[in-house]
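See below for the structure under consideration.
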Amino acid sequence: MREIRASDIADAVARLSVEANYHLGEDVVRALTRALEQEESPVGREVLQLLLENARLAAEGVAPLCQDCGVAVVFVDLGQDVHIVGGDLHAAIEEGVRRGYKEGYLRKSMVRQPFSARVNTGDNTPPVVYVDVVPGDRVRLTVAPKGAGSENMSALAMLKPADGRAGVVDFVVRTVDRAGANPCPPIVVGVGVGGTAERALLLAKRALLRELGTPHPDPEVADLEWEILARVNDLGIGPQGLGGRITALALHVEVMPCHMGSLPVGVNIQCHSARHKEVIL
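Laid out in structure tokens, this is it:
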């Protein structure tokens with residue numbers, strides 16, 4: 010049994026909260042650069058150039074990538090041979106978010122009493138935490154700040170099994186079309202197929218963590234990704250909704266078995282500022 014101190018987890022989450030909000034992943038920068046090469050719209054090209062400049066300035070510490078520093082979504086892959094000592098796992102993650110958002114001068118967006126008073130918690134807590142127990146004696150922490158503009162475009166469909174592949178494609182494309190400029194394109198689209206209603210949506214959010222453009226290892230799923238991405242980019246929404254060829258930088262699908270009487274499909278959209286950082290302790 011390997012011991013990991015709760016304070017080390019808090020330190021890691023605090024650091025990742027800042028890094029994720031200031032440093033765009035190299036895969037996202039490469040995707041934006043490719044998009045600039047492919048975009049035919051002059052306005053779209055100008056937008057992409059500005060997004061790349063924004064990423065450069067943020068990385069220099071000028072300001073966060075976006076004024077919406079998001080809900081702190083934290084994924085934890087917890088090794089079954091790990092023992093957390095000196096504190097509670099969830100409390101440590103919350104402390105890390107609290108410190109990171111304060112020390113990084115990041116906007117605090119979380120409000121309590123969401124359907125009435127909507128009072129800001131003042132420190133961007135609580136985070137949204139997902140814990141999966143996995144083999145091994147390590148802990149993988151991934152902090153993925155999620156802004157409201159993209160999160161508000163999430164969608165779930167409980168399709169009929171007879172809707173099949175075509176139904177999945179049509180639903181995802183309709184969701185992106187309906188979202189329009191709201192999620193700040195060019196976007197990354199996460200799609201979850203299977204499981205149950207809540208699991209499909211979680212699969213979709215986890216799909217956003219994959220390196221941009223990396224195809225699914227299952228050829229059938231990879232083919233589905235390419236088909237939907239092509240349809241999405243044919244919508245003509247373009248960078249920042251101003252028209253163009255590149256509406257989405259990437260589209261990732263995750264799949265799991267489901268009940269024979271249902272076909273759940275979840276869609277989670279990420280803006281061009283596709284932020285997440287991870288560490289293994």
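The opening position of the sequence shown corresponds to residue 10 in the numbering used here, with each subsequent residue numbered one higher.
C-beta: ideal position from N, C-alpha, C; glycine also.
For clarity, every value in this text was computed on a predicted model and none was experimentally measured.
Nearest-angstrom Cα separation, counted from residue j out to residue i
{"i": "Glu-48", "j": "Gly-158", "result": "23 Å"}
{"i": "Gly-252", "j": "Gly-189", "result": "10 Å"}
{"i": "Val-148", "j": "Leu-233", "result": "32 Å"}
{"i": "Ser-271", "j": "Gly-204", "result": "9 Å"}
{"i": "Ala-239", "j": "Val-197", "result": "13 Å"}
{"i": "Val-22", "j": "Leu-150", "result": "7 Å"}
{"i": "Asp-132", "j": "Gly-95", "result": "23 Å"}
{"i": "Ile-13", "j": "Gly-109", "result": "20 Å"}
{"i": "Leu-290", "j": "Val-142", "result": "15 Å"}
{"i": "Tyr-114", "j": "Pro-170", "result": "48 Å"}
{"i": "His-92", "j": "Gly-245", "result": "51 Å"}
{"i": "Ala-101", "j": "Val-152", "result": "13 Å"}
{"i": "Leu-217", "j": "Thr-223", "result": "11 Å"}
{"i": "Arg-107", "j": "Gly-176", "result": "42 Å"}
{"i": "Met-119", "j": "Thr-134", "result": "6 Å"}
{"i": "Ala-257", "j": "His-285", "result": "18 Å"}
{"i": "Leu-57", "j": "Met-10", "result": "49 Å"}
{"i": "Phe-180", "j": "Asp-17", "result": "43 Å"}
{"i": "Arg-215", "j": "Leu-41", "result": "21 Å"}
{"i": "Asp-90", "j": "Val-140", "result": "14 Å"}
{"i": "Arg-127", "j": "Ala-68", "result": "32 Å"}
{"i": "Val-182", "j": "Arg-208", "result": "20 Å"}
{"i": "Pro-123", "j": "Glu-103", "result": "19 Å"}
{"i": "Cys-267", "j": "His-225", "result": "19 Å"}
8 Å contact criterion, which residue i and residue j should meet: CB distance rounded
{"i": "Asn-129", "j": "Pro-73", "result": "The Cβ separation is near 18 Å, so there is no contact."}
{"i": "Asp-77", "j": "Gly-156", "result": "4 Å"}
{"i": "Leu-210", "j": "Ala-259", "result": "Actually they do not touch by this definition, with Cβ atoms about 19 Å apart."}
{"i": "Val-138", "j": "His-99", "result": "6 Å"}
{"i": "Gly-79", "j": "Gly-145", "result": "At roughly 29 Å, the Cβ-Cβ gap does not stay under 8 Å, so Gly-79 and Gly-145 are not in contact."}
Cut-off 7 Å between Cβ atoms - residues of its own chain near residue i, not counting five sequence neighbours on either side
{"i": "Asp-97", "result": "Ala-15"}
{"i": "Ala-206", "result": "Leu-165, Met-167 and Pro-273"}
{"i": "Ile-255", "result": "Ala-44, Gln-47, Glu-48, Gly-53, Pro-195, Asn-242, Gly-247 and Pro-248"}
{"i": "Val-288", "result": "Ala-21, Leu-25 and Leu-150"}
Own chain partners of residue i with C-beta closer than 6 Å, once the 5 adjacent residues on each side are dropped
{"i": "Val-230", "result": "Val-262 and Val-264"}
{"i": "Arg-219", "result": "His-261"}
{"i": "Thr-184", "result": "Ala-164 and Val-276"}
{"i": "Gly-105", "result": "Ala-19, Val-22 and Ala-23"}
{"i": "Pro-192", "result": "Gly-158, Ser-159, Met-162, Ile-278 and Cys-280"}
{"i": "Ala-283", "result": "Val-37 and Val-197"}
Residue from the options whose Cα sits closest to the Cα of residue i
{"i": "Arg-65", "options": "Glu-35, Glu-55 and Val-91", "result": "Glu-35"}
{"i": "Met-300", "options": "Asn-161, Pro-144 and Gly-173", "result": "Given that the chain is displayed from residue 10 to residue 290, the structure contains no residue 300 and the question cannot be resolved."}
{"i": "Glu-28", "options": "Val-181, Ser-125, Gly-250 and Cys-75", "result": "Cys-75"}
{"i": "His-32", "options": "Leu-57, Val-56, Val-71 and Met-10", "result": "Val-71"}
{"i": "Val-154", "options": "Ser-50, Lys-117, Arg-121 and Val-178", "result": "Note that residue 154 corresponds to Pro in the displayed sequence, not to Val. Selected option, being the one with the closest Cα: Lys-117."}
Closer than 8 Å: residue i CB and nearest the ligand PLP heavy atom
{"i": "Arg-174", "result": "Annotation note on the ligand PLP: not contained in the displayed structure, which lists no ligands."}
Cβ-based neighbour list, residue i, same chain, cut-off 8 Å, excluding 5 preceding and 5 following
{"i": "Ala-213", "result": "Ser-163, Gly-199, Val-200, Gly-201, Glu-263, Gly-275, Val-276 and Asn-277"}
{"i": "Val-38", "result": "Leu-61 and Ala-64"}
{"i": "Lys-111", "result": "Asp-132"}
{"i": "Val-178", "result": "Leu-233, Glu-236, Ile-237 and Arg-240"}
- Query: Do three or more CB pairs link the region 38-48 to the region 72-90 at distances below 8 Å?
  - Reply: no
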